[in-house]
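In this text, residue positions in the sequence shown follow our numbering: the first is 83, and each later residue adds one. Here is the structure we will look at.
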Amino acid sequence: MSRRDAAQKWLDKKIEYGIYPPESVLLEQTYSDDEYELFDLDTGSDVPVMGGLMCILVDSQGEVHPVSSSPSDELFDVVMDMLPDE
């Protein structure tokens, strides 16, 4: 299973449980480093999703790690290092 497939499977379960709206999709552009691939999420809504999810990281073993927009999230710095400087 590819990392994108793992992220999509995770998202599909969250949609099924009503956590995310059905129009939620993974964006095409991704970022990666040696350990993780980052997938951004578009919920199709201006309403913030419970928990303030920023993105989804999938590690080299295919394990999904949702990352919140809080700097206290243990993977927040990993995400910030992966994103390009603007």
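The beta-carbon is built from N, C-alpha and C at its ideal position, and this holds for glycine as well.
> Which class does residue 138 belong to by DSSP, given the choice of helix, strand or coil?
Replying inline: Position 56 of the sequence shown, counted from the first residue, corresponds to residue 138. If DSSP states are grouped into helix, strand and coil, residue 138 belongs with the strands.
> Under the rule that 16 or more other beta-carbon atoms within 10 Å means buried, what is residue 162, buried or exposed?
Replying inline: For the purposes of this step, residue 162 is identified with residue 80 of the sequence shown, where counting begins at 1. Counting Cβ neighbours within 10 Å, residue 162 comes out exposed, since fewer than 16 surround it.
> Are the CB atoms of residue 108 and residue 121 nearer to each other than 8 angstroms?
Replying inline: Looking up residue 108 in the sequence shown gives position 26. Looking up residue 121 in the sequence shown gives position 39. Taking 8 angstroms as the Cβ cut-off, residue 108 and residue 121 qualify as a contacting pair.
>> Checking 8 angstroms against the spacing of the C-beta atoms, do residue 118 and residue 93 come in under that value?
In response: Here residue 118 refers to the residue found at position 36 when the sequence shown is read from its first residue. Here residue 93 refers to the residue found at position 11 when the sequence shown is read from its first residue. Contact: no.
>> Please return the same chain residues whose Cβ sits closer than 6 angstroms to the Cβ of residue 96, not counting the five positions on each side in sequence.
In response: Taking the sequence shown and counting its residues from 1, the one referred to as residue 96 is at position 14. Only 102 meet the Cβ criterion.
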